[in-house]
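Q: First, the structure itself, so that you have it in front of you.
Number of protein chains: 2
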Amino acid sequence: MPSLSTAQMRVPVVTASAVEEFARGGFHGTTVADVARAARISPAYVFKLFPSKERLFVAALDDCFRQIVETLGVAADGAAGGPPDGILDAMGGAYAELIADRSLLMLQVHAQSVADIPEVGQALRAGLATVVRLAKTRSGASDEAVQRFVAVGQLCHLIVTSGIEDVPDEWASILTAGIRHP
Amino acid sequence: MPSLSTAQMRVPVVTASAVEEFARGGFHGTTVADVARAARISPAYVFKLFPSKERLFVAALDDCFRQIVETLGVAADGAAGGPPDGILDAMGGAYAELIADRSLLMLQVHAQSVADIPEVGQALRAGLATVVRLAKTRSGASDEAVQRFVAVGQLCHLIVTSGIEDVPDEWASILTAGIRHP
DNA sequence: CATGTGAGTGACTGTACAGTCACTGCGCGG
DNA sequence: CCGCGCAGTGACTGTACAGTCACTCACATG
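As they're listed, the protein sequences go chains A and B.
Residue numbering for the first sequence follows our numbering, starting at 5 and increasing by one per position.
Residue numbering for the second sequence follows our numbering, starting at 5 and increasing by one per position.
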């Protein structure tokens with residue numbers, strides 16, 4: 005065993021496992037035992053670190069948006085000084101790269117699916133608000149461009165979840181045209 | 005009791021109940037008993053009409069896309085002869101009206117969430133293919149316009165699922181600008 | 001060594017759900 | 001009037017899961 009760990013140090017590890025596992029199975033399709041196994045601890049201890057399955061899911065979702073915001077911020081820094089649409093484009097590229105492993109993307113989709121759980125809906129709106137505000141203020145682009153930015157992101161989610169990335173048909177290529185998927 | 009009914013006549017009724025119930029709770033959050041109750045039959049009989057919960061869900065999803073395609077087709081008929089973007093616009097308006105009750109919208113989101121179930125992913129792709137092909141051939145619009153049409157639809161799903169329709173903040177109005185929600 | 005504290009768990013409970021099966025009642029042809 | 005087939009169900013099974021609780025163990029301090 006590499007090093008000691010207090011409960012506070014365990015929390016981020018468990019949260020990371022929760023992101024991974026909930027991304028795989030969604031809220032109802034993932035058990036607390038799944039997360040516990042991925043984090044190499046007992047299910048009982050998960051409930052010592054998080055008061056309920058809902059709160060665990062929310063922690064995962066918060067972490068998901070935290071990563072996204074951080075990545076978008078770095079991309080905005082890199083393109084700062086350029087034209088607004090260039091900055092948005094850089095952010096879009098960074099986002100595409102970030103969600104290449106599908107976890108952060110799937111977690112968002114699963115969150116939409118259980119957004120009627122109040123705490124989840126709240127966390128979803130909070131994350132979305134941060135992203136939209138970030139895109140707007142850091143790029144300085146028009147409202148329409150920011151809206152399009154988010155819409156394309158959602159299209160991206162659809163492409164990945166429905167697995168049409170490698171469908172060779174005409175209709176599929178209409179949807180995937182110009183969308184980055186590394 | 006109004007009229008007699010054979011098993012074949014029950015199927016569409018149960019399917020309609022399945023749309024409603026699965027739209028409410030998603031695949032894992034809805035029990036077969038929920039659907040049975042909504043359809044006023046016993047859970048056991050649902051399994052006589054559908055071989056498994058998965059197949060029941062797929063039947064609901066197919067019905068969802070059937071309604072969408074039908075609605076979009078009628079809208080395209082109504083706007084036929086006009087400019088391509090006008091036809092797409094008419095289809096968009098009809099879609100917005102159709103999903104006003106949220107059932108068909110939520111069911112699609114839930115389907116994305118469990119698209120890793122092979123039968124569900126398949127049904128999702130099939131429905132999507134039909135919609136895209138319909139939008140393209142009936143409107144005659146450019147590939148980019150059709151892609152934008154779908155992207156806006158997905159943005160619409162995000163707006164509804166995350167419940168930002170009546171969030172008064174700046175960021176929310178950026179996302180909802182110009183989107184029809186009756 | 002005695003003892004206190006917090007990390008971590010095994011074992012349990014109550015509940016809920018997918019799917020099954022033997023059964024009932026009814027309409028209809030003979 | 002009889003019996004056959006089909007609509008429809010009650011009751012059951014096995015399993016799985018969220019959450020709890022009493023417990024152990026490692027360590028630190030006096």
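Where a beta carbon is used, it is the ideal one built from N, C-alpha and C, also for glycine.
Keep in mind it's a predicted model, so treat the numbers as computed, not measured.
Is the beta carbon of histidine 32 (chain B) less than 7 Å from the beta carbon of leucine 109 (chain B)?
A: no
Q: Excluding five sequence neighbours on each side, which residues of the same chain lie with their C-beta closer than 8 Å to the C-beta of isoleucine 183 (chain B)?
A: The beta carbon of isoleucine 183 (chain B) is closer than 8 Å to those of Ala100, Val156, Leu159, Cys160, Ile163 in its chain, skipping five residues each way along the sequence.
Q: Hey, quick one: how far does the alpha helix (DSSP H) through arginine 142 (chain B) stretch, first residue to last?
A: 122 to 143
Q: Report the residues of the segment 31 to 61 of chain A with a CB closer than 7 Å to any CB of chain B, ordered along the chain.
A: His32, Gly33
Q: How long is the line joining the alpha carbons of serine 107 (chain B) and glutamate 24 (chain B), rounded to whole angstroms?
A: 6 Å
Q: How close, in whole Å, do the beta carbons of valine 124 (chain B) and phenylalanine 61 (chain B) come, if the pair is a contact with beta carbons under 8 Å?
A: 7 Å
Q: Whole angstroms are fine: how far does the CA of aspartate 67 (chain A) sit from the CA of histidine 114 (chain A)?
A: 14 Å
Q: Does any CB atom of chain B fall closer than 7 Å to the CB of aspartate 147 (chain A)?
A: So, interface residue.
Q: Rounding to the nearest angstrom, what Cα-Cα distance links leucine 92 (chain A) and proline 172 (chain B) in this structure?
A: Cα to Cα, the separation comes out at about 24 Å.
Q: Answer yes or no: does any C-beta atom of chain A fall closer than 7 Å to that of glycine 125 (chain B)?
A: yes
Q: Quick one: which residues of the segment 157 to 168 of chain A get their C-beta closer than 8 Å to a C-beta of chain B? List them in chain order.
A: Taking 8 Å as the upper bound on Cβ-Cβ separation, chain B lies near residues Gln158, Leu159, His161, Leu162, Thr165, Ser166, Gly167, Ile168 of the segment 157 to 168 of chain A.
Q: Run the CB neighbour count on threonine 35 (chain A), radius 10 Å, all protein chains shown included, and call it buried at 16 or more, exposed below.
A: exposed
Q: Starting from isoleucine 163 (chain A), trace the alpha helix (DSSP H) in both directions and tell me its first and last residue.
A: 147 to 165
Q: Less than 6 Å between C-beta atoms, sequence neighbours within five positions excluded: which residues of the same chain meet that for isoleucine 168 (chain B)?
A: Ala176
Q: Helix, strand or coil: which one does DSSP assign to glycine 33 (chain B)?
A: Coil, per DSSP.
Q: Determine the direct distance from the alpha carbon of aspartate 89 (chain A) to that of alanine 181 (chain B), and round the result to whole angstroms.
A: 19 Å
Q: Report yes if the C-beta distance between alanine 94 (chain A) and alanine 79 (chain A) is below 7 Å; otherwise report no.
A: yes
Q: Would you kindly report the start and end of the unbroken alpha helix (DSSP H) that includes alanine 98 (chain A)?
A: 88 to 102 is the extent of the alpha helix (DSSP H) around alanine 98 (chain A).
Q: Along chain A, which residues have their Cβ under 9 Å away from the Cβ of valine 154 (chain B)?
A: Leu159, Leu162, Ile178, Leu179
Q: Please classify serine 46 (chain A): is it buried, with 16 or more other beta-carbons within 10 angstroms of its beta-carbon, or exposed?
A: exposed
Q: If distances are taken between C-alpha atoms only, which option among B:Gly29, B:Ala22, B:Ala11, B:Gln71 comes closest to arginine 41 (chain B)?
A: Out of B:Gly29, B:Ala22, B:Ala11, B:Gln71, B:Ala22 has the C-alpha closest to the C-alpha of arginine 41 (chain B).
Q: CB-CB under 8 Å to valine 135 (chain B), same chain, minus the five flanking residues each way: which ones, in chain order?
A: Phe69, Ile72, Val73, Leu76, Val154
Q: Using 7 Å as the limit for Cβ to Cβ distance, is arginine 137 (chain A) near chain B?
A: yes
Q: Alpha carbon to alpha carbon, how far is glutamate 174 (chain A) from alanine 133 (chain B)?
A: 9 Å
Q: Quick test of your reading: valine 15 (chain A) and isoleucine 178 (chain B), contact by CB under 8 Å. State the CB separation rounded to the nearest angstrom.
A: At roughly 34 Å, the Cβ-Cβ gap does not stay under 8 Å, so valine 15 (chain A) and isoleucine 178 (chain B) are not in contact.
Q: At a Cβ threshold of 7 Å, is serine 117 (chain B) touching chain A?
A: yes
Q: For aspartate 38 (chain A), which residues from the same chain have a beta carbon less than 6 Å from its beta carbon, with the 5 sequence-adjacent residues on both sides left out?
A: Glu25
Q: Along the chain, where does the alpha helix (DSSP H) containing alanine 83 (chain B) start, and where does it finish?
A: 57 to 83
Q: Between B:Asp120, B:Gln112, B:Val18, B:Ala130, which lies nearest to valine 118 (chain A) when the distance is taken from Cα to Cα?
A: B:Gln112
Q: Under the three-state reduction of DSSP, which class applies to threonine 10 (chain B): helix, strand or coil?
A: coil
Q: Which of the residues in the segment 86 to 112 of chain A, read from start to end, lie with their CB under 8 Å from any CB of chain B?
A: Here the close residues number zero.
Q: CA-CA distance, leucine 138 (chain A) and valine 18 (chain A)?
A: The C-alpha of valine 18 (chain A) is placed about 28 Å away from the C-alpha of leucine 138 (chain A).
Q: Give me the residue from A:Ala11, A:Ala145, A:Ala130, A:Ser143 with the minimum Cα distance to tyrosine 49 (chain A).
A: A:Ala11
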